[in-house]
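J.: Residue numbers (the working numbering): 192 to 541.
Just so it is clear, CB atoms sit at the ideal spot from N, CA and C, and this is done for glycine as well.
I'd like to ask you about the structure that follows.
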C-alpha cells in the first residue's frame, strides 16, 4: 500500500508534553462497539466484561540516552537494541563523529568502544560494563529516551523518570515506553479486578525503531526493526482458554498486540514465545489472537497508524483521528487513547 494513504495533518498543539494527572483521567475514544463515544480511561471496567483477559507489556524503560564525547567532539547516543551483555546497537548524533575502534566516553568511569557503523546513524557499542553493572551505570548517567516530538531541555525532565514508566514495568530492556500502559493506576487495576476481568503481562522490549519514520513510498519496501519478546506457557494457555470460553483478549498497546500476533498460529492458538519479532502489520492482515486493543493516538505515516488501521478498519480510523483532532484529544506517548475492537468482530455482527 502507498504510505501516503496513512498521512494526516496534526496541529502541534495536539501533541501532549506531559501525561494526564491522574493517569486514568486521560480521555478515551471508545470505538469498541462499532460506534464512537468520548469517555475516559477509568471507565474501562464498565466497558469490558467479566472473563475478558487484559494483556499488558511489563518491559521497563532504561535511561538509554547518553551524552558523551569522542575526543573533544560532543556526541549523543540512544541505545535501541541489545546485542550482548555489554553490547548495544545505538543511534548516534552526529554519527560521523564516531569511528570504528575509537572510544565514546561518557566520563572517566563509563565508556564504550565503537565496534561497527551502519546506515542511518547506527553504531554498535561495546561498553566497559555489562549485565547489571551496565544497567546501574545507565541509571546513574543516562536519561530517559523520550521520543523526539516531546520538547525538553537537554538531559530531560526529572519527572519523566516516573512519568515515562508504566505501572506494569518490571523487566529492564525497553528504550521506549509501551505507552498505552501509562494510563493505568492502582485504583483502575483494583476496579478491573473487582469487575472480574483477568490481567496478565507479557514482555516485549520496545526499541527506538518504533519512532523511526517510514521513508519508503510503499509499505512492501519498509523493514521493521526486530524486538525481543517473551510469552510463558502459563500465559499462552490462559489466552487460549479465555477465547475458548467466550472471553476476549484485550491488548494494552500495540507492543502487546504485535507480540501476541507473533506467537499465534494460523488457527489462532497462541504458543509460548521467546525470540525476536519484526512483524509488520498493515491493512489486509488477518488477526489471530487479539479481540480488542487499547492504544494511544499515533504519528502520521507511522507503522503504528498502519497497524490500528488494519485492526479496526482504515476508514473507521481515519474518521476516529479526525474526530480526535477536532475535539482536542491529546496525541502520542503522553496523550489520550482509543479503545478499538477488531474490525472482523464488528463486521460479523452487522
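(1) To the nearest angstrom, report how far apart residue 367 and residue 426 are at their CA atoms.
(2) By Cβ distance, which residues of its chain are closer than 7 Å to residue 329, with the 5 residues on each side in sequence left out?
(3) Just mark residue 273 as buried or exposed, buried being the case when its beta carbon has 16 or more other beta carbons within 10 Å.
(4) For the candidate residues 474, 439, 461 and 528, whose alpha-carbon lies nearest to that of residue 536?
(5) Could you check how far apart the C-beta atoms of residue 462 and residue 222 are, in whole angstroms? I think they sit under 8 Å.
(6) If residue 410 and residue 473 are in contact, beta carbons under 8 Å, what's the gap, nearest whole angstrom?
(7) Per DSSP, what kind of secondary structure is residue 278 in: helix, strand or coil?
(8) Is it true that the CB of residue 456 sits closer than 8 Å to the CB of residue 395?
(9) Does the beta-carbon of residue 418 have 16 or more other beta-carbons within 10 angstroms, so that it is buried, or is it exposed?
(10) Within this structure, are the beta carbons of residue 268 and residue 316 separated by less than 8 Å?
(11) Taking the straight line between their C-alpha atoms, what separation do you get for residue 385 and residue 212?
(12) By how many angstroms is the C-alpha of residue 350 removed from the C-alpha of residue 517?
(13) So who's on the other strand from residue 252, going by DSSP bridges?
(14) Determine the DSSP secondary structure at residue 300, reduced to helix, strand or coil.
(15) Out of 514, 382, 534 and 526, point me to the one whose CA is closest to residue 233's CA.
(16) Taking only three categories from DSSP, how would you classify residue 337?
(17) Going by Cα to Cα distance, which pick from 486, 208, 447 and 504 is closest to residue 343?
(18) Report the option in 248, 231 and 479 whose CA atom is closest to the CA atom of residue 423.
(19) Report yes if the C-beta distance between residue 290 and residue 305 is below 8 Å; otherwise report no.
(20) Cβ atoms of residue 373 and residue 214: under 8 Å apart, would you say?
(21) Mind listing, in chain order, the continuous alpha helix (DSSP H) runs of no fewer than 4 residues lying wholly within the stretch 402 to 485?
(22) Measure from the alpha carbon of residue 276 to the alpha carbon of each residue in 447, 242, 325 and 263, then state which is nearest.
(23) Specify the secondary structure class of residue 309 as computed by DSSP and reduced to three states.
(24) Taking the alpha helix (DSSP H) that residue 382 falls in, what are its first and last residues?
(25) Using only the alpha-carbon positions, how far apart do residue 244 and residue 451 sit?
(26) At the level of alpha carbons, what is the spacing between residue 239 and residue 388?
(27) With a threshold of 16 other CB atoms inside 10 Å of the CB of residue 487, please say whether the residue is buried or exposed.
(28) Quick check on residue 269: does DSSP put it in helix, strand or coil?
(29) I'd like to know whether the C-beta atoms of residue 220 and residue 515 end up nearer to each other than 8 Å.
(30) Give a yes or no on whether the C-beta atoms belonging to residue 334 and residue 365 are separated by under 8 Å.
(31) Look at the alpha carbon of residue 468 and the alpha carbon of residue 299, and state the distance between them as a whole number of angstroms.
(32) Could you work out which residue in 500, 504, 528 and 490 is closest to residue 202 when comparing CA atoms only?
(33) On a CA-only basis, which of 508, 497, 399 and 393 is nearest residue 428? Give me that one, please.
(34) Where does residue 351 fall in DSSP's three states?
(35) Could you pull out every residue in the same chain whose Cβ sits closer than 6 Å to the Cβ of residue 375, ignoring the five residues on either side in sequence?
(36) Looking only at its chain, what residues have a beta carbon closer than 7 Å to the beta carbon of residue 302, apart from the 5 residues adjacent to it on each side?
T.: Concretely, from the data shown:
(1) The residue you call residue 367 lines up with position 176 of the chain shown. The residue you call residue 426 lines up with position 235 of the chain shown. Straight-line Cα distance between these residues: approximately 24 Å.
(2) Residue mapping note: residue 329 aligns to position 138 of the chain shown, counting from 1. So the list reads 253, 254 and 255, once near-sequence residues are dropped.
(3) For this step, residue 273 is matched to residue 82 along the chain shown. Counting Cβ neighbours within 10 Å, residue 273 comes out buried, since at least 16 surround it.
(4) For the purposes of this step, residue 536 is taken as residue 345 along the chain shown, with counting starting at 1. If we check each option's Cα against that of residue 536, 439 comes out closest.
(5) Sequence index remark: in the chain shown, residue 462 carries index 271 (1-based). Sequence index remark: in the chain shown, residue 222 carries index 31 (1-based). Contact flag wrong, Cβ pair sits at about 30 Å.
(6) Here residue 410 refers to the residue found at position 219 of the chain shown. Here residue 473 refers to the residue found at position 282 of the chain shown. Rounded, the Cβ-Cβ distance is 5 Å, consistent with contact.
(7) Indexing the chain shown from 1 puts residue 278 at position 87. Three-state result, residue 278: strand.
(8) In the chain shown, the residue the question calls residue 395 occupies position 204. In the chain shown, the residue the question calls residue 456 occupies position 265. Against a cut-off of 8 Å, the Cβ pair of residue 456 and residue 395 comes out as no contact.
(9) Sequence index remark: in the chain shown, residue 418 carries index 227 (1-based). Answer is buried; the Cβ neighbour count reaches 16.
(10) For the purposes of this step, residue 268 is taken as the residue at position 77 of the chain shown. For the purposes of this step, residue 316 is taken as the residue at position 125 of the chain shown. The answer is yes: Cβ separation under 8 Å.
(11) Locating residue 385 in the chain shown gives position 194, counting from the first residue. Locating residue 212 in the chain shown gives position 21, counting from the first residue. Approximately 23 Å, taken between the alpha carbons.
(12) Taking the first residue of the chain shown as position 1, residue 517 is located at position 326. Taking the first residue of the chain shown as position 1, residue 350 is located at position 159. So the alpha carbons of these two residues sit roughly 30 Å apart.
(13) Residue 252 sits at position 61 when you count from the first residue of the chain shown. For residue 252, which the question treats as bridged, DSSP gives the partners 365.
(14) As a working mapping, residue 300 is identified with position 109 in the chain shown. Reduced to three states, the DSSP call for residue 300 is coil.
(15) In the chain shown, the residue the question calls residue 233 occupies position 42. Selected option, being the one with the closest Cα: 382.
(16) Stepping through the chain shown from its first residue, residue 337 is reached at position 146. Residue state, collapsed to three classes: coil.
(17) By 1-based counting over the chain shown, the position of residue 343 is 152. Comparing Cα positions, the closest option is 208.
(18) Taking the chain shown and counting its residues from 1, the one referred to as residue 423 is at position 232. Measuring from the Cα of residue 423, the nearest candidate turns out to be 248.
(19) Numbered from its first residue, the chain shown carries residue 290 at position 99. Numbered from its first residue, the chain shown carries residue 305 at position 114. Closer than 8 Å, so yes.
(20) Residue numbering aside, residue 214 sits at position 23 when the chain shown is read from its first letter. Residue numbering aside, residue 373 sits at position 182 when the chain shown is read from its first letter. Going by C-beta atoms, residue 214 is nearer than 8 Å to residue 373.
(21) 424 to 435 and 445 to 454
(22) The sequence position of residue 276 within the chain shown is 85, counting from 1. Out of 447, 242, 325 and 263, 325 has the C-alpha closest to the C-alpha of residue 276.
(23) Taking the first residue of the chain shown as 1, we reach residue 309 at position 118. Residue 309 falls in the coil class under three-state DSSP.
(24) Reading the chain shown from its first residue, position 191 is the one you call residue 382. Unbroken alpha helix (DSSP H) run through residue 382: 377 to 385.
(25) Counting from 1 along the chain shown, the entry for residue 244 is found at position 53. Counting from 1 along the chain shown, the entry for residue 451 is found at position 260. Residue 244 and residue 451: Cα-Cα distance of roughly 13 Å.
(26) Sequence index remark: in the chain shown, residue 239 carries index 48 (1-based). Sequence index remark: in the chain shown, residue 388 carries index 197 (1-based). Answer to the nearest angstrom: the Cα atoms are 7 Å apart.
(27) Locating residue 487 in the chain shown gives position 296, where the first residue counts as 1. Under this definition residue 487 is a buried residue.
(28) Here the question's residue 269 lines up with position 78 in the chain shown. Strand at residue 269.
(29) As a first step, residue 220 must be located in the chain shown, where it is residue number 29. As a first step, residue 515 must be located in the chain shown, where it is residue number 324. It is a contact, given that the beta carbons lie within the stated cut-off.
(30) Taking the chain shown and counting its residues from 1, the one referred to as residue 334 is at position 143. Taking the chain shown and counting its residues from 1, the one referred to as residue 365 is at position 174. Against a cut-off of 8 Å, the Cβ pair of residue 365 and residue 334 comes out as no contact.
(31) Translated into the one-based positions of the chain shown, residue 468 becomes position 277. Translated into the one-based positions of the chain shown, residue 299 becomes position 108. Roughly 37 Å between the two C-alpha positions.
(32) To locate residue 202, count along the chain shown from 1; it is residue 11. It is 490 whose Cα lies nearest to the Cα of residue 202.
(33) Counting from one through the chain shown, the residue named residue 428 turns up at place 237. It is 393 whose Cα lies nearest to the Cα of residue 428.
(34) Walking along the chain shown from the start, residue 351 turns up at place 160. It is helical.
(35) Position 184 of the chain shown, counted from the first residue, corresponds to residue 375. The residues are 358.
(36) Counting from one through the chain shown, the residue named residue 302 turns up at place 111. Correct list, in chain order: 294, 295, 296 and 319.
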